[in-house]
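Comments concern the structure below.
Numbering (our numbering), first residue to last: 782 to 1263.
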């Protein structure tokens, strides 16, 4: 099935993407893809090294006639978000991505595609191996763990790179030039609860919320998609007078809007519970009928659990999750249509006497990020949760005087007879972090059209990739002299 991808144009890029997608590359498990990239650099005969944190750096000299141009850093991350549909059997640790073509789109069979940021990685590989593409000296930087902490960018030390310009190939709209991004911080709330023996004469049920769109918790957070954790909490809150919670397992990664949640409950009055369940589920489906057409809320009999929460602790849990802000918190007052601050209630686990709730808060304003983090922390602490803040990373402040921006804006206008959208985005790009290590480096971000990133609906446009590739080659040929 993947062979049809190899026949697409530009063939060099798609062949490298296919080779890359044959290698498992979950975040924090980049050993195989790191070795793949080291082998690639060594085979080409270029200086290749792995820094102490695990990033791969490959350096290629300028082509003839380009020796006096500024050295550029071409950067993309090796890891990918690993999400699959509930009914898809797939092991991201051992299997390569199964791809297929659907019209103008390359998609994956029931899993994330890895176009984020695999198309960027494949692009850099294609430039490195090419003998017929004009370019200045290149330092290819392949970072690790972008999706779950940006530890590769954070751990990169000064002194490894000499480039004056950085091209980050991790943007998902081909008519946009990225000049800024949001920072982020992880919020984790934990708490122990008492296990209560299941009363006699109870009925046990499993409630499932699934079929939601999900998506990128930064780029898609403003679209009004349902969050499975918040919807499940709403259902359980409505039923809380007649049910006890035994387990909840909702969401997955912090940077993905939750698509599914499952809960096990017990009740004595099955009829009353069913009446409330039917009312709240119909209410939610009606509210989300436009944006979540595939939403499924279902209930089924299940094995009787041995333990559940008690009423008091259950009430604290449900109110704590209800109180936790989810979605857009503030729009930017300075940049039209830019989400400034948001939160994603990414994971809710209740099992065996332990509660864990994980959020990712983003903001393009550092003080706004901390403000919302304190807001959310305060709500959890009022419920006697232990709250840990971790993985904080800075945003990328736009530079209106960027020389490479002016060059790339002019090239885009000349090639496509329209001006590009010059934007900051509400996602976490590594540029902000890399800029702390290399403060004088002029940075820009761009890429082809990718939709549904961080979900099994992820897809990349074939025609847009062709457009982006032509643009990239033109940019390389017009890097200014030193």
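Glycine included, C-beta positions come from ideal geometry on N, C-alpha and C. Since the structure is predicted, the reported quantities are computational estimates derived from the model, not experimental observations.
Any idea if residue i is buried or exposed, counting beta-carbon neighbours within 10 angstroms, 16 or more meaning buried?
i	result
residue 841	buried
residue 788	exposed
residue 1158	buried
residue 1092	exposed
residue 1063	exposed
residue 920	buried
residue 975	exposed
residue 1039	buried
residue 1072	exposed
residue 883	exposed
residue 1134	exposed
residue 1087	exposed
residue 1226	buried
residue 820	exposed
residue 875	exposed
residue 1005	exposed
Measure the alpha-carbon distance for residue i versus residue j and round it to whole angstroms.
i	j	result
residue 966	residue 1115	22 Å
residue 731	residue 1128	As shown, the chain starts at 782 and ends at 1263. That puts residue 731 outside it, with no answer to give.
residue 1085	residue 1026	12 Å
residue 1146	residue 1230	26 Å
residue 866	residue 1182	44 Å
residue 922	residue 839	7 Å
residue 806	residue 902	12 Å
residue 783	residue 799	7 Å
residue 1206	residue 989	33 Å
residue 1009	residue 1033	10 Å
residue 1253	residue 1262	18 Å
residue 885	residue 1250	16 Å
residue 1047	residue 1068	27 Å
residue 809	residue 982	46 Å
residue 1014	residue 1059	15 Å
residue 1187	residue 859	29 Å
residue 1185	residue 1066	48 Å
residue 1107	residue 1259	44 Å
residue 1212	residue 1028	40 Å
residue 1215	residue 1178	12 Å
residue 1007	residue 1169	26 Å
residue 888	residue 861	15 Å
residue 1162	residue 962	30 Å
residue 959	residue 1257	17 Å
Mind checking whether the beta-carbon of residue i lies closer than 7 Å to any heavy atom of the ligand SAH?
i	result
residue 1178	Although the ligand SAH was asked about, the structure shown includes no ligands whatsoever.
Excluding sequence positions up to five away, which residues of its chain have a Cβ less than 7 Å from the Cβ of residue i?
i	result
residue 1110	1122, 1123, 1124, 1153
residue 941	832, 838
residue 849	1262, 1263
residue 1160	1101, 1104, 1105
residue 797	903, 906, 907
residue 847	915, 916, 917
residue 1156	1106
residue 1233	996, 1239, 1240
residue 910	825
residue 979	1047, 1085, 1086, 1087, 1088, 1089
Leaving out five residues before and five after residue i in sequence, what residues of the same chain have Cβ atoms less than 6 Å from its Cβ?
i	result
residue 1167	971
residue 936	834
residue 939	1218
residue 950	857, 901, 904, 1228
residue 1053	1023
residue 1043	989, 1030
residue 1137	971, 1130
residue 1222	947
residue 1245	955, 1229, 1230
residue 1175	964, 1213
residue 1097	1164
residue 1202	956, 957
On the premise that residue j lies in contact with residue i, defined as a C-beta separation below 8 Å, what is that separation, rounded to the nearest angstrom?
i	j	result
residue 1143	residue 964	7 Å
residue 1172	residue 1077	Between residue 1077 and residue 1172 the Cβ distance is about 32 Å, and since that is not below 8 Å, they are no contact.
residue 1095	residue 1021	6 Å
residue 1061	residue 1016	5 Å
residue 984	residue 1041	Contact flag wrong, Cβ pair sits at about 23 Å.
residue 1089	residue 986	In fact, because the Cβ distance is near 12 Å, the residues do not count as touching under 8 Å.
residue 1247	residue 790	6 Å
residue 762	residue 899	With the chain represented from 782 up to 1263, any question about residue 762 goes unanswered, as that position is not in the structure.
Go through its chain and collect everything with a Cβ distance to residue i's Cβ below 8 Å, but skip five positions before and after it.
i	result
residue 892	863, 864, 865, 866, 869, 871, 873, 878, 879, 1237
residue 1036	862, 928, 929, 997, 998, 999, 1125, 1127, 1141, 1209, 1235
residue 977	1025, 1088, 1089, 1090, 1091
Does the CB of residue i have a neighbour CB from chain D at under 8 Å?
i	result
residue 821	Looking for chain D here will not work: only one protein chain is present.
Meets three-Cβ-pair contact criterion under 8 Å: the region 926-933 and the region 1143-1155:
Contact annotation: the region 926-933 does not touch the region 1143-1155, with fewer than three C-beta pairs closer than 8 Å.
If you pair each beta-carbon of the region 986-1006 with each one of the region 1224-1238, do three or more pairs fall below 8 Å?
Touching, per the Cβ criterion.
Please confirm if the region 876-896 is in contact with the region 826-835, defined as three or more CB-CB distances below 8 Å between the two stretches.
no
Tell me, please, whether the region 909-923 touches the region 1186-1200 by the rule of three or more beta-carbon pairs shorter than 8 Å.
no
Contact between the region 844-860 and the region 936-948 (3+ Cβ pairs under 8 Å):
yes
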